[in-house]
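S.K.: Numbering (our numbering), first residue to last: 128 to 375.
Structure below; questions to follow.
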Amino acid sequence: MPLTFPSHLAAVLPLKLWRPRWFDGVALCTGAVSPDVAYLLAGTPWEPPRTHTLGGLLWWCLPVALGYAWLARRCAAVVAPHLPAGLTHRWPDLATLGAVRHPWLVTVGSAGIGALSHVGWDLVTHTDWLRALGVDWYASTGVHWWTVSDAASTVLGAVVVAGLARHVARRQDGVDPPDSTRRMVSYAVAGVTLAVGMGVLPLLPAADQIAPTGVRLLHVMAAALLTGGIAATVSTRRRGDRLDTKQR
Numbered sequence: 128m129p130l131t132f133p134s135h136l137a138a139v140l141p142l143k144l145w146r147p148r149w150f151d152g153v154a155l156c157t158g159a160v161s162p163d164v165a166y167l168l169a170g171t172p173w174e175p176p177r178t179h180t181l182g183g184l185l186w187w188c189l190p191v192a193l194g195y196a197w198l199a200r201r202c203a204a205v206v207a208p209h210l211p212a213g214l215t216h217r218w219p220d221l222a223t224l225g226a227v228r229h230p231w232l233v234t235v236g237s238a239g240i241g242a243l244s245h246v247g248w249d250l251v252t253h254t255d256w257l258r259a260l261g262v263d264w265y266a267s268t269g270v271h272w273w274t275v276s277d278a279a280s281t282v283l284g285a286v287v288v289a290g291l292a293r294h295v296a297r298r299q300d301g302v303d304p305p306d307s308t309r310r311m312v313s314y315a316v317a318g319v320t321l322a323v324g325m326g327v328l329p330l331l332p333a334a335d336q337i338a339p340t341g342v343r344l345l346h347v348m349a350a351a352l353l354t355g356g357i358a359a360t361v362s363t364r365r366r367g368d369r370l371d372t373k374q375r
């Protein structure tokens, strides 16, 4: 399947750039990855069935996308300020996501569109729809269609997302890089969290399957960034308290 992140975002990010007020960018992105969140529970008794279907859009994808959008906005102010501000990607600017609010219809609609784009993308790349056009891909090439379409769309999607991220960064004002000490605290804690998570992944159910392990890895990386951001925030506050004490 195409990579959950960043490739699947390529189908929806252009909508936000096209009509910023019409769409909730965070909900578009969380909707675009929501069908694959079910892989977290792969191999367990709680594994959700048929999340990549039209029915799954309502009972699984929509609530998951809205929940993840809420979580992303709450975590942005903690994680983003401690990220580096490069020449092409100004990650600290993402801290402003927590202050952005959209009408609920815009957010719900964006989440639904994101999820629908994922299901549609997978349908095109996973099914042998070329037969309907009279093309027997396997007979002609000896390679299954999904083998080619998944790899090609994954690369293309990742390139599009990277290009859009760079384009947006160029349109924004520059930001000061994070304090070096604060950044080192964030990286150190994030690194430890990532190492622990990587050690746990092989022990989880369905660890021998690419999709569940890939989705779980994305969540481990997100948890690492969050714990790193929390640690850096706490260390900054402690330094501030010590400074206030000395000044008194």
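Just so it is clear, CB atoms sit at the ideal spot from N, CA and C, and this is done for glycine as well.
Only a predicted model underlies this, so the values are computations on that prediction, with no experimental measurement involved.
If contacts are defined as beta-carbon pairs under 8 Å, then ALA165 and ALA333 qualify, I think. What distance do you get, rounded to the angstrom?
M.R.: The C-beta distance from ALA165 to ALA333 rounds to 11 Å, too long to meet the 8 Å contact threshold.
S.K.: Quick one: grab the DSSP three-state call for ARG200.
M.R.: helix
S.K.: Of all the options ASP220, ALA242, THR131 and TRP218, which has the alpha carbon lying nearest to the alpha carbon of LEU185?
M.R.: ALA242
S.K.: Examine the Cβ distances between the stretch 308 to 326 and the stretch 277 to 292 and report whether three or more of them are shorter than 8 Å.
M.R.: no
S.K.: Going by other Cβ atoms of all chains shown within 10 Å of its Cβ, with 16 needed for buried, is ARG148 buried or exposed?
M.R.: For ARG148, the number of other beta carbons within 10 angstroms of its own is below 16, and it is reported as exposed.
S.K.: Compare the beta carbon distance of LEU234 and ALA154 with 9 Å and say whether it is the shorter of the two.
M.R.: The sequence given here places Thr at residue 234; Leu does not occur at that position. A contact, by the Cβ cut-off of 9 Å.
S.K.: For SER267, does the count of other Cβ atoms within 10 angstroms reach 16, so buried, or fall short, so exposed?
M.R.: exposed
S.K.: What's the gap between the Cα of LEU330 and the Cα of ILE337?
M.R.: 14 Å
S.K.: Whose CA, out of GLU174, VAL191 and LEU181, lies closest to the CA of VAL160?
M.R.: The shortest Cα separation from VAL160 among GLU174, VAL191 and LEU181 belongs to VAL191.
S.K.: Just reading off the alpha helix (DSSP H) that CYS156 is part of, what are its end residues?
M.R.: 152 to 160
S.K.: Counting along the chain, where does the alpha helix (DSSP H) carrying HIS245 start and finish?
M.R.: 231 to 253
S.K.: Would you identify the three-state DSSP class for THR171, choosing helix, strand or coil?
M.R.: coil
S.K.: Taking contact to mean 3 or more Cβ pairs, one atom from each stretch, closer than 8 Å, check whether the stretch 215 to 228 and the stretch 128 to 146 are in contact.
M.R.: Too few Cβ pairs lie closer than 8 Å, so no.
S.K.: Measuring CA to CA, which of HIS294, ALA137, VAL270 and ALA349 is closest to VAL287?
M.R.: ALA137
S.K.: Between the stretch 191 to 211 and the stretch 348 to 357, are three or more C-beta pairs nearer than 8 Å?
M.R.: At 8 Å Cβ cutoff, the stretches touch.
S.K.: Could you pull the start and end residues of the alpha helix (DSSP H) that THR308 belongs to?
M.R.: 307 to 327
S.K.: Do ALA199 and THR157 have their C-beta atoms closer together than 9 Å?
M.R.: yes
S.K.: Using DSSP with H/G/I as helix, E/B as strand and the rest coil, what is VAL139?
M.R.: Of the three classes helix, strand and coil, the one that applies to VAL139 here is coil, per DSSP.
S.K.: What first and last residue would you give for the alpha helix (DSSP H) that runs through TRP264?
M.R.: 264 to 268
S.K.: With DSSP run on the structure shown, which of helix, strand or coil describes ALA359?
M.R.: helix
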